[in-house]
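Asker: Sequence order for the protein chains is A and B. The numbering of the first sequence is our numbering, which starts it at 1 and goes up by one. The numbering of the second sequence is our numbering, which starts it at 1 and goes up by one. The structure's right below; bear with me while I get my questions together.
Protein chains: 2
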Amino acid sequence: MTIQLHCFGESGNAYKAALALELSGLDWEPVFVDFFGGATRSEDFRRDLNPMGEAPVMVDGDVKLTQSGVIQMYVTETTGKFGGTTPEEAREVMRWVFWDNHKLSSQAGMTRFLMNFLPEDKRPQPVIDFMQGRLKAAYATLDAHLDGRDWIVGDGLTNADLSCCGYLYYPEPFGFERQDWPHIDAWLTRLSQQPGWKHPYALMPGSPADRA
Amino acid sequence: MTIQLHCFGESGNAYKAALALELSGLDWEPVFVDFFGGATRSEDFRRDLNPMGEAPVMVDGDVKLTQSGVIQMYVTETTGKFGGTTPEEAREVMRWVFWDNHKLSSQAGMTRFLMNFLPEDKRPQPVIDFMQGRLKAAYATLDAHLDGRDWIVGDGLTNADLSCCGYLYYPEPFGFERQDWPHIDAWLTRLSQQPGWKHPYALMPGSPADRA
C-alpha cells in the first residue's frame with residue numbers, strides 16, 4: 001500500500017518527513033494540505049488527521065503518525081535506514097533531531113513564516129529581530145559541528161541531516177545566508193547531490209508561486 | 001555506577017530528565033550547572049559536556065547524552081519504563097515528546113526566561129506577548145487531549161507526561177494559569193501525587209531563592 005504524506009511545499013517540517021520517505025525508497029505519495037486556506041486549523045483536519053492541527057501527517061494503512069521526527073523514526077523502523085549504525089550513533093542521531101526541533105527548524109520555520117507569509121503590515125519586527133538572534137546561535141552550533149565532518153553523525157546520511165536541513169534550502173529570506181556558514185553550505189551541497197534528492201518545492205505540492 | 005545529571009533547578013528541560021530518572025528508580029545524582037553564572041556558555045562546558053552549550057547533560061559511565069527527550073529514551077531503554085506498552089503507544093509517546101519540545105516546553109521556557117530572569121529593562125515585551133499567544137494554542141491542544149484521559153498516552157505515566165509537564169510546575173509567571181486549563185490542572189495534580197514525585201526546586205540544585 002502506498003504511504004500517504006499530508007503535506008505542503010512551504011513546510012520544512014513536512015519536507016523532513018517527505019525527504020526521508022523519498023530517499024528511503026519507500027512507496028509514498030504526497031497529499032496536498034491547503035495550509036494557507038486554513039486546512040490544518042479546520043475541525044475536519046483535527047478530527048480525521050491530527051488534533052494538534054499540524055502537518056505533516058503520515059498514513060500507512062492503520063498507522064497514522066505526525067511530528068516529522070516520529071515519521072523519520074518510522075522510516076528507520078521500516079527500512080533500517082537513516083537511524084545510525086550503532087546504539088551510540090542512534091542516540092546521537094536522536095540528539096540532533098531533538099536539537100533541530102527545539103532550536104533550529106522550529107525557530108527558522110516561525111521566522112520565515114513571519115517574514116514571508118504574513119501581510120507586510122502584520123509582520124512583528126521585534127519578534128523577527130529577536131528570533132534571528134537566537135537562530136544565529138543555532139547556525140553557529142551546526143556550522144562548528146560540521147567542520148571536518150561530511151555528515152552530522154557517523155559516515156553517512158541519517159535523520160540528523162534530514163531533520164536539520166528542513167528549512168535551509170528555501171529561497172525565502174529569513175536571515176540564513178549559506179555563504180556565512182561555510183560548513184553548513186558544503187553539507188547542504190553534499191546532501192543535495194545524493195541520488196533522488198529533491199528541493200522541497202519539487203518534492204511536495206504547493207509553493208508561493210501558486211499564490212502569486 | 002551512579003548516573004550524573006548536570007542540571008539546575010530553573011531548567012524545565014533538565015527537570016524532564018531528572019524526573020524520569022527519579023521516578024524510574026535508577027541511581028542518579030544531580031551535578032549543579034551554574035547557568036546564571038555563564039557555565040553552559042563556557043569553553044570548558046562545550047568541550048567536556050555539550051558543544052550545543054545546553055543543559056541537561058547525563059553521564060552514565062561512557063555514555064554521555066544531552067537533550068531531555070534522548071535522556072528519557074535512555075531511561076526507557078535501561079528500565080523498560082515510561083515508553084508505552086505497545087509499538088503504537090511507543091510512537092504516540094514520541095509524538096507528544098516531540099510536540100512538547102517543538103511547541104510547549106521550548107516556547108514556555110523561553111517566555112519564562114524573558115519574563116523572570118532578564119533584568120526588567122531588558123525584557124522584550126513584544127516578543128513576550130507574541131509567545132504567550134502561541135503558547136495559548138499549545139495549552140488548548142494539551143487541555144483538549146487530556147479531557148477524559150488520566151495520562152497523555154495509554155493507562156499510565158509515560159515520557160509524554162514527563163516531557164509536557166516540564167515547565168508547568170514552576171511558580172514564576174509566564175502566562176500559564178492552571179485554573180484556566182482544568183484538564184491540565186487535574187493531570188498535573190495526578191502526576192504530582194505519584195510516589196517519589198518532587199517539585200523541580202526540590203529535585204535539582206539551584207533556584208531563584210539562591211540569587212535573591
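Positions of the beta carbon are idealized from the N, C-alpha and C atoms, including for glycine.
Among Y139(B), D60(B), G38(B) and S106(B), which one has its Cα closest to the Cα of W28(B)?
Answerer: Residue mapping note: residue 28(B) aligns to position 28 of the second sequence, counting from 1. Among Y139(B), D60(B), G38(B) and S106(B), the Cα nearest to that of W28(B) is on D60(B).
Asker: So which residues on chain A does G69(B) lean against when the C-beta distance must stay under 8 Å?
Answerer: The count along the second sequence starts at 1 and reaches residue 69(B) at position 69. Here the neighbours are M94 and F98.
Asker: Considering H145(A), what are the terminal residues of the beta strand (DSSP E) in which it resides?
Answerer: The sequence position of residue 145(A) within the first sequence is 145, counting from 1. Not the beta strand (DSSP E): H145(A) falls in the alpha helix (DSSP H), residues Q125 to L146.
Asker: Along the alpha helix (DSSP H) that carries M115(A), what are the first and last residues, could you check?
Answerer: Your numbering for residue 115(A) matches position 115 in the first sequence. Counting along the chain, the alpha helix (DSSP H) containing M115(A) begins and ends at S105 to N116.
Asker: Take A140(A) as the anchor and find which of G109(A), Q179(A) and R211(A) has the nearest alpha-carbon.
Answerer: As a working note, residue 140(A) is residue 140 in the first sequence. Comparing Cα positions, the closest option is Q179(A).
Asker: How about L5(A) and A18(A): do their beta carbons lie closer than 8 Å?
Answerer: Here residue 5(A) refers to the residue found at position 5 of the first sequence. Here residue 18(A) refers to the residue found at position 18 of the first sequence. Against a cut-off of 8 Å, the Cβ pair of A18(A) and L5(A) comes out as a contact.
Asker: With C-beta atoms as the reference, is S24(B) less than 8 Å away from T79(B)?
Answerer: Taking the second sequence and counting its residues from 1, one reaches residue 24(B) at position 24. Taking the second sequence and counting its residues from 1, one reaches residue 79(B) at position 79. Result yes, Cβ atoms of S24(B) and T79(B) sit closer than 8 Å.
Asker: Report the rounded CA-to-CA distance for A138(A) versus K122(B), giving the unit in angstroms.
Answerer: Locating residue 138(A) in the first sequence gives position 138, counting from the first residue. Locating residue 122(B) in the second sequence gives position 122, counting from the first residue. One C-alpha to the other measures close to 22 Å.
Asker: Can you tell which of Q67(A), P87(A) and Q107(A) has its C-alpha closest to the C-alpha of A92(B)?
Answerer: Looking up residue 92(B) in the second sequence gives position 92. The residue asked about is misnamed: residue 92(B) is Glu in this sequence, not Ala. The option with the nearest alpha carbon to E92(B) is Q67(A).
Asker: Of all the CB atoms in chain B, is at least one closer than 8 Å to the CB of T66(A)?
Answerer: The count along the first sequence starts at 1 and reaches residue 66(A) at position 66. Closer than 8 Å to some Cβ of chain B, the Cβ of T66(A) qualifies, so yes.
Asker: Spatial neighbours of Q193(B) within its chain, please: C-beta separation below 7 Å, excluding the five flanking residues on both sides.
Answerer: If you number the second sequence from 1, residue 193(B) lands on position 193. Excluding sequence neighbours, Q193(B) sits near nothing in its chain.
Asker: Is DSSP giving E77(B) helix, strand or coil here?
Answerer: As a first step, residue 77(B) must be located in the second sequence, where it is residue number 77. Helix, per DSSP.
Asker: For the region 9 to 25 of chain B, enumerate the residues whose C-beta is nearer than 7 Å to any C-beta of chain A, in chain order.
Answerer: Hits within the stretch: zero.
Asker: Cα-Cα, which of E172(A), A160(A) and G148(A) is closest to P182(A)?
Answerer: Here residue 182(A) refers to the residue found at position 182 when the first sequence is read from its first residue. Of the listed residues, the one whose Cα sits closest to P182(A) is G148(A).
Asker: Going by DSSP, what residue range makes up the beta strand (DSSP E) through I3(B)?
Answerer: The residue given as residue 3(B) occupies position 3 in the second sequence. I3 to C7 is the extent of the beta strand (DSSP E) around I3(B).
Asker: Within 8 Å (strictly less), CB to CB, does N101(A) reach chain B?
Answerer: What you label residue 101(A) is simply residue 101 of the first sequence in a count that begins at 1. Yes - at least one Cβ of chain B is within 8 Å of the one on N101(A).
Asker: From this set, L146(B), D210(B), M204(B) and P208(B), which residue's C-alpha is nearest N31(B)'s C-alpha?
Answerer: Numbered from 1 along the second sequence, position 31 holds the residue referred to as residue 31(B). Before going on, a small fix: residue 31(B) reads as Val here, not Asn. That would be M204(B), whose Cα lies nearest to the Cα of V31(B).
Asker: Is F113(B) close to chain A? Criterion is C-beta to C-beta, closer than 8 Å.
Answerer: On the second sequence, position 113 is the one that residue 113(B) refers to. With 8 Å as the cut-off, F113(B) does not count as an interface residue toward chain A.
Asker: Output yes or no for whether 8 Å exceeds the beta carbon distance between G109(A) and V153(A).
Answerer: Residue numbering aside, residue 109(A) sits at position 109 when the first sequence is read from its first letter. Residue numbering aside, residue 153(A) sits at position 153 when the first sequence is read from its first letter. Not in contact: G109(A) and V153(A) (Cβ atoms no closer than 8 Å).
Asker: Would you check if the region 163 to 174 of chain A and the region 111 to 127 of chain A touch, i.e. whether three or more CB-CB distances between them fall below 8 Å?
Answerer: Yes: the two stretches touch, three or more of their Cβ pairs being nearer than 8 Å.
Asker: Would you verify that the beta carbon of H183(A) is, or is not, closer than 8 Å to some beta carbon of chain B?
Answerer: By 1-based counting over the first sequence, the position of residue 183(A) is 183. It does not: the Cβ of H183(A) has no partner Cβ on chain B nearer than 8 Å.
Asker: Does the Cβ of E54(A) have 16 or more other Cβ atoms within 10 Å, making it buried, or fewer, making it exposed?
Answerer: Counting from one through the first sequence, the residue named residue 54(A) turns up at place 54. E54(A) is buried by the Cβ-count criterion.
Asker: Short check: CB of P124(A) to CB of P124(B), under 8 Å?
Answerer: Taking the first sequence and counting its residues from 1, the one referred to as residue 124(A) is at position 124. Taking the second sequence and counting its residues from 1, the one referred to as residue 124(B) is at position 124. No, these two residues do not count as a Cβ contact at 8 Å.
Asker: Less than 8 Å between CB atoms is the rule here; does S106(A) satisfy it with respect to chain B?
Answerer: One-based indexing of the first sequence puts residue 106(A) at position 106. Closer than 8 Å to some Cβ of chain B, the Cβ of S106(A) qualifies, so yes.
Asker: Classify M1(B) as buried or exposed, calling it buried when 16 or more other Cβ atoms lie within 10 Å of its own Cβ.
Answerer: Counting from 1 along the second sequence, the entry for residue 1(B) is found at position 1. When all chains shown are included, M1(B) counts as exposed.
Asker: Closest to A90(B) by CA distance: which of V70(A), K136(A), F176(A) and F8(A) is it?
Answerer: Position 90 of the second sequence, counted from the first residue, corresponds to residue 90(B). Comparing Cα-Cα distances from A90(B) to each of V70(A), K136(A), F176(A) and F8(A), the minimum goes to V70(A).
Asker: Would you list the one or two residues that DSSP bridges to L65(B)?
Answerer: By one-based count along the second sequence, residue 65(B) stands at place 65. DSSP lists M58(B) as partners of L65(B).
Asker: Is there at least one Cβ from chain B nearer than 8 Å to M226(A)'s Cβ?
Answerer: There is simply no residue 226(A) to check, as chain A begins at 1 and stops at 212 in what is shown.
Asker: Taking the CB atoms as reference points, tell me whether V97(A) and N50(A) lie closer together than 8 Å.
Answerer: Numbered from its first residue, the first sequence carries residue 97(A) at position 97. Numbered from its first residue, the first sequence carries residue 50(A) at position 50. Result no, Cβ atoms of V97(A) and N50(A) do not sit closer than 8 Å.
Asker: Once the 5 residues before and after V57(B) are set aside, which same chain residues still bring their CB inside 6 Å of it?
Answerer: Indexing the second sequence from 1 puts residue 57(B) at position 57. Excluding sequence neighbours, V57(B) sits near H6, L49, N50 and T66.
Asker: Name the chain A residues that come within less than 7 Å of F36(B), Cβ to Cβ?
Answerer: Sequence index remark: in the second sequence, residue 36(B) carries index 36 (1-based). Per Cβ cutoff of 7 Å: no residues; F36(B) is ~18 Å from chain A at best.
Asker: Give the residues from the region 73 to 90 of chain B that approach chain A closer than 9 Å (Cβ to any Cβ), ordered along the chain.
Answerer: Under the 9 Å Cβ criterion, the region 73 to 90 of chain B contributes M73, Y74, E77, P87 and E88.
Asker: Closer than 8 Å, CB to CB, is V127(B) near chain A or not?
Answerer: In the second sequence, residue 127(B) corresponds to position 127, counting from 1. So yes, V127(B) belongs to the interface.
Asker: Who are the near neighbours of W151(B) in its chain, counting only those whose CB is closer than 7 Å to its CB and skipping five residues on each side?
Answerer: Stepping through the second sequence from its first residue, residue 151(B) is reached at position 151. For W151(B), where only same-chain residues beyond five positions count, the Cβ hits under 7 Å are L157, T158 and D161.
Asker: Using 8 Å as the limit for Cβ to Cβ distance, is H199(A) near chain B?
Answerer: Residue 199(A) sits at position 199 when you count from the first residue of the first sequence. No, because no Cβ of chain B sits closer than 8 Å to the Cβ of H199(A).
Asker: Look at L142(A) and Q107(A) and say whether their C-beta atoms are less than 8 Å apart.
Answerer: For the purposes of this step, residue 142(A) is identified with residue 142 of the first sequence, where counting begins at 1. For the purposes of this step, residue 107(A) is identified with residue 107 of the first sequence, where counting begins at 1. Not closer than 8 Å, so no.
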